[in-house]
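Peer 1:
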Amino acid sequence: MKLEKRDVDVRGQKPNNVKVEKTTSNGSKAQSVKVERVSKEVIRTPDSKRPASVPNGHPKLTSLVKCNDPTRDKIRELLAEAFVSVSRETSDDDRDEVKNILDEVEACDPYRVAVTVESALFERLGPSTGTHRAKYRSIMFNLRAENNTDFRRRVLIGLVAPERLPDIPPDEMASDARKQENMQIKEKALFDCERGAAPKATTDQFKCARCGQRKTTYYQLQTRSADEPMTTFVTCVNCNNHWKFC
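1 is the number of the first residue of the sequence shown in UniProt numbering; add one for each residue after it.
#1: For Leu165, which of Asp176, Met183, Ile185, Phe141 has the nearest alpha-carbon?
#2: With distances taken between CB atoms, is the gap from Asp150 to Ser175 smaller than 9 Å?
#3: From Leu64 to Pro110, what does the alpha carbon distance come to, in whole angstroms?
#4: Which runs of the alpha helix (DSSP H) fall wholly inside the segment 83–139 and span at least 4 residues, in chain order?
#5: Helix, strand or coil: which one does DSSP assign to Pro170?
#6: Would DSSP call Val155 helix, strand or coil?
#7: Return the chain-ordered list of same chain residues with a C-beta closer than 6 Å to the C-beta of Ala161, the five sequence neighbours on each side being excluded.
#8: Ignore the nearest five residues each way along the sequence and tell me which others in Lys207's own chain have a CB closer than 7 Å to its CB.
#9: Check Phe233 in the structure and name its three-state DSSP category.
#10: Who pairs with Lys244 in a beta bridge, going by DSSP?
#11: Taking the CB atoms as reference points, tell me whether Ala82 and Ala134 lie closer together than 9 Å.
#12: For the beta strand (DSSP E) containing Thr202, name the first residue and the last one.
#13: Spatial neighbours of residue 278 within its chain, please: C-beta separation below 7 Å, excluding the five flanking residues on both sides.
Encoded structure:
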């Protein structure tokens with residue numbers, strides 16, 4: 001038998017056509033058989049639109065995953081609504097340090113985070129209608145409060161792990177602005193407490209930064225170690241402004 005191959009690709013590729021001839025021992029040709037091999041052509045079509053992926057590699061969810069429990073599903077819906085709004089809130093924020101993480105926020109999956117948070121709360125606290133109902137309400141209030149964009153953004157991007165939420169006290173879940181207000185309230189309360197226990201004197205040595213008047217009262221306390229200067233607490237008689245210095 002004699003095999004004759006034609007149209008061999010010099011680059012080592014498989015030939016498209018192969019002709020095979022069979023001969024008998026007396027030299028007569030038998031019926032020739034032509035075998036054609038068709039090379040496979042890879043047809044590339046435009047990539048279809050794929051769901052965006054989040055940093056951990058999972059594709060973004062396009063809708064909320066439910067667990068067929070009406071109460072739990074309602075919590076997931078409320079959380080998803082809060083987390084979906086974070087992208088817009090970040091874009092509208094006037095602070096540069098917030099705007100700079102817009103790409104990180106948009107890469108997150110609000111629906112997946114909502115499911116993760118609800119599942120973590122349920123695993124740790126049980127049903128929201130049970131003994132930990134007040135804790136559920138506190139967490140949900142702080143995550144959904146209109147002026148608490150900072151807290152829900154931290155949860156969305158992973159700075160606050162869902163498993164930690166039951167352990168965070170309410171004052172730490174407050175917005176940055178609210179934390180500042182709480183700090184000022186505490187300082188004023190401490191100021192008033194210390195002022196009531198110490199003798200006061202009147203002087204015109206201090207100028208009020210608020211109204212510009214110099215009619216003030218002041219007192220001094222040792223608030224730090226003994227070798228440190230005393231702290232002077234000053235009150236403007238005209239506008240009741242308070243300040244202190246060492």
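All C-beta atoms, glycine included, are put in the ideal place defined by N, C-alpha and C.
As the structure is a prediction and not an experimental result, all values here were calculated from the model.
Peer 2: Taking the geometry as given:
#1: Of the candidates Asp176, Met183, Ile185, Phe141, the residue whose Cα lies closest to the Cα of Leu165 is Phe141.
#2: It is a contact, given that the beta carbons lie within the stated cut-off.
#3: If you take the alpha carbons of Leu64 and Pro110, they lie about 9 Å apart.
#4: Taking only runs of at least 4 residues, the alpha helix (DSSP H) segments lying wholly in the segment 83–139 are 86–92, 96–99, 102–106, 110–125.
#5: For Pro170, the secondary structure class from DSSP, reduced to helix, strand or coil, is helix.
#6: It is helical.
#7: So the list is empty, once near-sequence residues are dropped.
#8: Around Lys207: Arg214.
#9: The three-state secondary structure of Phe233, taken from DSSP, is strand.
#10: In DSSP, Lys244 forms a bridge with Phe233.
#11: Not closer than 9 Å, so no.
#12: Taken as a continuous stretch (DSSP letters only), the beta strand (DSSP E) holding Thr202 covers 201–203.
#13: Outside the shown range of the chain, which is 1 to 246, sits residue 278, and nothing can be said about it.
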